[in-house]
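Asks: I am attaching a structure below and will ask some questions about it afterwards.
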Amino acid sequence: MENETNIGSKVAAGLLALAAAFGAPAPAGAAEGPALLAANCLSCHSAQGSGISRVEGQRKSPEGWQMTITRMQEQHGARISPEDKRRLIKYLADTRGLAPTETAGWRYLLEHDNNRVEAIDERYRDLCARCHSGARFALQRRSEDEWKLLMHTHIGLNPTLEFHSLARDRQWFQLAVNEVAPALARDFALDARAWKTWQAAPRVVLGGSWRITGYLPGKGAFEGRMRATAAGVDRFELAIEGRYADGAPLSGRGVATVYTGYEWRGSVDIDGIALRQVMAADARGERMQGRQHLADSRRMGGELSALREGAAPMVMAVMPAQLRRGETAELTVVGSGLSGAVSLGKGVRVLEVVSRSADRVMLRARAEGRDGLADVVVGTARGKGLLAVYDRVARVEVEPANAIARVGGPGDAQMEKVGVAYRAVGWAAGRDGKPGTADDLRLGYLRAQWSIEPADEEADKARDQDFVGRIGADGVFVPGDAGPNPARPKSLGNTGRVNVVAVVDQAGGRVEGRGKLDVAVPDFVHRALD
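Sequential numbering from 143 applies to the sequence shown in my numbering.
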């Protein structure tokens, strides 16, 4: 019988040959990845063709592979060093990951933007999405045999599934194996043209200088510059300098790793706040889009955009992003290489340039034109549709519209509270003058006054609004303490249901928007993906 070292060498050679056969460029760690895989996995898995059993039948996001390896460690006693684990995740995501088009529509889970209502195919809703998010299985690709083995694994590890609601009084397991698994194999196929095309595409190095804009709960909107300096293959050291919308400066340092050629994962510290960046780069490596969240509370975060700086001037954003007709306001145009005359579109007059540099132009402007999205031009640089010109706010939406917060603590107890960061989005009515129709004009985020109210008669009777927590002027909801509360009937805990109310004041009246908030018990399980 061949020893494990010889088998591992053959598997490693086979994996490299397989990548070459698909015309794929050698991934980062191509020389060490197969050897690491063989050394850490062959004690339980078997060599299979040019690869390793089970691994060959799956493709996943970096977080998906992280969960797989963690499960091998915690449930099967696999001994893998932290450095080997990091390298394995990188290698697997590079060689058995997901193409950009395969993650599109599901990235909210990768970004931990989880306060949303999913639309799931009814074939999967009752059998899969009753426990997982739909994005959890949509961010995987498996062969039909692997989807079936996953069903067997579920029932083996969690036999009480047979007694769950929607599993009783029908042949749940047979339905899962015989109908759902084949459907998953078709809808989320292992062998997909999108993946082969992406693997064959040239890779773009994502280092260099990036102009960034984003939002941090409790701090507000910000803009700045992020310099990414190579510190290894697909790994970068980050230096960030910028300022918030109120003019306060910000600075930070961190590191980032790029997986699968486009998946940006950064860990940064900005003014003492630990943050995680999750972004996807476009195919040309010129733009990244995603989210930045607090490291210790993944759901608390905001959008993050990055635009690569080059020789050509560019306009990235205008802050604030709306200007009401008949009013004069101060705006900041953000970009790089900004020089020359400033134009904000037909009907918008630039009254004064207050200050300017190559990165930003501060000005006073007045809008007299029609409602619509105006291009922002500085010299030869143009930002399309960046400024919303409007007459009045017709309606306000609260983001997120549906959210879950979780009580925690009290004090230094291990169960941390999970809050929610709210923002108010304004809309103009559009040409038909009717709010809530297809031609409504999105104005962007507006300042609002925040409060909470009982969600219904039962919540009002229980005075949920007095116990579940509080919402600050910045729109950040902080839930109450966990455990019994003697001030409530039967010492009921500080859970409950409320509406979050955003009020926008304008000449002619106030406009209100509402979102639903359930304040629930602590989450006792922390997963890379839910």
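C-beta atoms are modelled at their ideal positions from N, C-alpha and C, and glycine is treated no differently. Quick caveat, the model's predicted, so the values are computed rather than measured.
What are the complete beta strand (DSSP E) segments, minimum 3 residues, inside the region 195-270?
Replies: 200-202, all fully within the region 195-270.
Asks: Distance check for Ala277 and Ala597, CA to CA, integer angstroms please.
Replies: 28 Å
Asks: Under a three-way DSSP split, which group does Pro664 fall into?
Replies: Here Pro664 sits in coil by DSSP.
Asks: Between Asp602 and Arg201, what straight-line distance do the alpha-carbon atoms span, to the nearest angstrom?
Replies: 48 Å
Asks: Take Gly165 and list the residues in its own chain whose beta-carbon comes closer than 6 Å to its own, dropping the five residues that flank it on each side.
Replies: Unreliable placement is indicated for Gly165, whose pLDDT of 36 sits below 50; the coordinate value is still reported in the next sentence. Taking C-beta separations shorter than 6 Å and ignoring five residues to either side along the sequence, the partners of Gly165 in its chain run Ala342, following chain order.
Asks: Since His435 and Gly443 are thought to touch, with beta carbons under 8 Å apart, how far apart are those beta carbons, to the nearest angstrom?
Replies: Correct: roughly 3 Å between the Cβ atoms.
Asks: Give the DSSP-derived three-state secondary structure of Phe315 in the structure shown.
Replies: Per DSSP, reduced to three states, the secondary structure at Phe315 is helical.
Asks: Excluding the 5 residues preceding and the 5 following Pro664 in the sequence, name in chain order all residues of the same chain whose CB lies nearer than 6 Å to its CB.
Replies: Cβ neighbours of Pro664 within its own chain (closer than 6 Å, five residues either side excluded): Arg548, Gly550, Met557 and Ala624.
Asks: In this structure, how does DSSP classify Ala301 when only helix, strand and coil are distinguished?
Replies: The identity of residue 301 in the sequence shown is Pro, whereas the question assumes Ala. Of the three classes helix, strand and coil, the one that applies to Pro301 here is helix, per DSSP.
Asks: Once DSSP output is grouped into helix, strand and coil, what is the label at Leu659?
Replies: strand
Asks: For Arg450 and Ala422, I'd like the C-alpha separation in whole angstroms.
Replies: Arg450 and Ala422: Cα-Cα distance of roughly 13 Å.
Asks: If you draw a straight line from the alpha carbon of Val420 to that of Thr243, how long is it in whole angstroms?
Replies: So the alpha carbons of these two residues sit roughly 16 Å apart.
Asks: Measuring alpha carbon to alpha carbon, tell me which of Val618, Cys186 and Leu252 ends up nearest Gln208.
Replies: Leu252
Asks: Can you tell me where the alpha helix (DSSP H) holding Lys338 begins and where it ends?
Replies: Arg335 to Ala342
Asks: So, is Gly349 buried or exposed, given that buried needs 16 or more other C-beta atoms within 10 angstroms?
Replies: buried
Asks: Which residue wins for smallest C-alpha separation from Ile262, given the options Gly482, Arg534, Asp329 and Gly239?
Replies: Of the listed residues, the one whose Cα sits closest to Ile262 is Asp329.
Asks: Go to Arg377, then tell me how far its beta strand (DSSP E) extends in each direction, as first and last residue.
Replies: Arg377 to Tyr386
Asks: Any idea what DSSP makes of Thr295, helix, strand or coil?
Replies: helix
Asks: Between Val490 and Gln591, what straight-line distance do the alpha-carbon atoms span, to the nearest angstrom?
Replies: Each residue's Cα considered, the two are about 28 Å apart.
Asks: What's the gap between the Cα of His274 and the Cα of Asp672?
Replies: 6 Å
Asks: On a Cα-Cα basis, can you pick out the residue from Phe279, Leu505 and Ala516 that is closest to Lys488?
Replies: Across the set Phe279, Leu505 and Ala516, the C-alpha of Ala516 shows the shortest separation from the C-alpha of Lys488.
Asks: Leaving out five residues before and five after Ala437 in sequence, what residues of the same chain have Cβ atoms less than 8 Å from its Cβ?
Replies: Ser409, Ala416, Leu417 and Arg418
Asks: Measure the Cβ-Cβ separation of Gly657 and Val642 and say whether it is below 8 Å.
Replies: The criterion of a C-beta distance shorter than 8 Å is satisfied by Gly657 and Val642.
Asks: Start and end of the alpha helix (DSSP H) containing Pro176?
Replies: Gly175 to Cys183
Asks: Can you find a C-beta in chain C that's less than 8 Å from the C-beta of Leu515?
Replies: Considering every chain present, this structure includes no chain C. It has just one protein chain.
Asks: Assess, as a yes-or-no matter, whether the region 498-515 is touched by the region 466-479 under the definition of 3 or more beta carbon pairs within less than 8 Å.
Replies: yes
Asks: Taking all protein chains shown into account, decide if His306 is buried (16 or more other Cβ within 10 angstroms of its Cβ) or exposed.
Replies: By the 16-neighbour rule on beta-carbons within 10 angstroms, His306 is exposed.
Asks: So, helix, strand or coil for Gly171, using DSSP?
Replies: The predicted position of Gly171 is uncertain, since its pLDDT is 47 and thus under 50; no value can be drawn from it.
Asks: So for Pro324, helix, strand or coil by DSSP?
Replies: Here Pro324 sits in helix by DSSP.
Asks: What is the DSSP secondary structure of Glu539, counted as helix, strand or coil?
Replies: strand
Asks: Could you check which residue in Ile354, Met214 and Val397 has the C-alpha nearest to that of Glu383?
Replies: Cα-wise, what sits closest to Glu383 is Ile354.
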